[in-house]
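Every position in the sequence shown, counted from 1, becomes a number in my numbering once 61 is added.
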Amino acid sequence: MKQKLVRSLKAFINKLGYHIDKIDRNSLTMAGGLERSSKHTSPKSFIDVGASDGRWTELAMQFFPKSYYLLVEAQEGHRKDLERFQSKKQNVLVCMAAAGDSEGEIYFDASDLHAGLASKEKLETNCITVPVTTIDLQVEKNKLQPPFCIKLDTHGFEIPILEGATKTLEKADLLIIEVYNFQIVRNEDDASQNSLRFYELCQYLDKKGFYCADLVDIMRRKKDDMLWQMDMFFYRKENKVFESNSYE
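#1: Could you say if the region 268–288 and the region 194–205 meet the contact criterion of at least three C-beta pairs nearer than 8 Å?
#2: Please identify the residue among Ile220, Tyr308, Leu236 and Glu231 whose C-alpha is closest to the C-alpha of leucine 178.
#3: Can you list, in chain order, the residues of its chain with a C-beta nearer than 8 Å to that of aspartate 173? Leave out the 5 residues immediately preceding and following it.
#4: Name the one or two DSSP bridge partners that arginine 246 has.
#5: Can you give, in chain order, each stretch of the beta strand (DSSP E) that sits fully within the region 115–180 and has at least 3 residues?
#6: Given this structure, state the Cα-to-Cα distance separating arginine 258 from glycine 217, to the nearest angstrom.
#7: What are the residues that DSSP puts in a beta bridge with alanine 297?
#8: Scan the region 181–248 and note each continuous beta strand (DSSP E) run of 3 residues or more that stays entirely inside, going in chain order.
#9: Strictly by DSSP, which residues pair up with aspartate 109?
#10: Between the region 190–202 and the region 258–276, are three or more C-beta pairs nearer than 8 Å?
#11: Would you list the residues sitting across from aspartate 286 in a DSSP beta bridge?
#12: Secondary structure at arginine 281, three-state DSSP: helix, strand or coil?
#13: Suppose contacts are defined by Cβ-Cβ distances below 8 Å. Is serine 88 in contact with phenylalanine 125 by that definition?
#14: My understanding is that aspartate 292 touches isoleucine 237, with C-beta atoms under 8 Å, so please give their C-beta distance in whole angstroms.
#15: Since glycine 165 contacts valine 193 with CB under 8 Å, what's their CB separation in whole angstroms?
#16: To which residues of the same chain is aspartate 214 closer than 6 Å at the C-beta, ignoring the five residues directly before and after it?
#17: Have a look at the DSSP bridge pairing and note the partners of aspartate 292.
#18: Are there three or more Cβ pairs, one per stretch, closer than 8 Å when the region 106–121 is compared with the region 141–153?
#19: For my contact list, leucine 235 and phenylalanine 294 are in at a C-beta cut-off of 8 Å; report their separation, rounded to the angstrom.
#20: Which residues in the same chain as lysine 141 place their Cβ atom closer than 7 Å to its Cβ, once the five residues preceding and following it in sequence are excluded?
#21: Which stretch, first to last residue, makes up the alpha helix (DSSP H) that contains glutamate 96?
#22: If distances are taken between C-alpha atoms only, which option among His139, Asn255, Phe209 and Asp278 comes closest to proline 104?
#23: Got a sec? Which residues, its chain only, sit under 7 Å from glycine 161 by beta carbon, not counting five neighbours each side?
#24: For a test of the three-state rule: what should DSSP assign to tyrosine 308, helix, strand or coil?
#25: Determine whether the beta carbon atoms of serine 128 and serine 106 lie at a separation below 8 Å.
#26: Between the Cα of glutamate 299 and those of Met280, Val133 and Cys273, spot the shortest distance and give me the residue it belongs to.
Pasting the structure below:
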């Protein structure tokens, strides 16, 4: 009886022009990762850094519809889209700034509207100055409630952002971070400004109390098909998924 009702419902939805697609349990897409994480984590507040036009948050809402979302974006070119998105959602706030380890101003590479990069050092080309805030300040200012999810799409500037989120990390149960297999930001004069490769970021977050739990959206670079980037999901070490080390 139950299966018959499900088939009838699917047929009705198909007639309306919509389709229901079951997510493969082994799917390496962002949707697959979010769907799996919705079974093992329960963040009340999302902080989406590098929010672009809001499309990632819109996807996350499909799996965490009751959560609150703070979208942090540095590029003014996204302001109208974000304000439009916010006007349609009661659980969305927008902060037009870069994120870092202190409040003030910071340099920003505005070469690509969808791939900007914050920098403490002045950049050679397409360099603008934008406001910078910290995740901890925004969480306090907007009275966001834990547990938290921090999502970073920040192209090598992850460590300063995470250093500005020390209090938030203590109450986070999910991190989703775009990571790289190569050192995409390298400073010959100040090694502390270098970006981390994905395994170095895993070591950094291990010390903060997180293990990698999932990875999605694997990308290879054009010139030699080598692993370039992916998005990694980190859960707190106390998460029940880490209680078992067996496959079955």
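Backbone N, C-alpha and C fix where the C-beta goes; we use that ideal spot for every residue, glycine too.
So, from the data block:
#1: no
#2: Ile220
#3: none
#4: Checking the sequence, you will find valine at residue 246 rather than arginine. None, per the DSSP bridge assignment.
#5: 129–134, 153–157, 165–170 and 178–180
#6: 9 Å
#7: For clarity, residue 297 is arginine in the given sequence; the question names alanine instead. Phe271, per the DSSP bridge assignment.
#8: 188–194, 209–213 and 233–241
#9: Leu132 and Lys212
#10: no
#11: Answer is none; aspartate 286 lacks a bridge partner.
#12: strand
#13: no
#14: 6 Å
#15: 6 Å
#16: Gly111 and Glu239
#17: Glu239 and Val277
#18: yes
#19: 7 Å
#20: none
#21: 91–101
#22: Phe209
#23: Ile167, Ala179, Val193, Thr195, Pro221, Ile222 and Gly225
#24: coil
#25: yes
#26: Cys273
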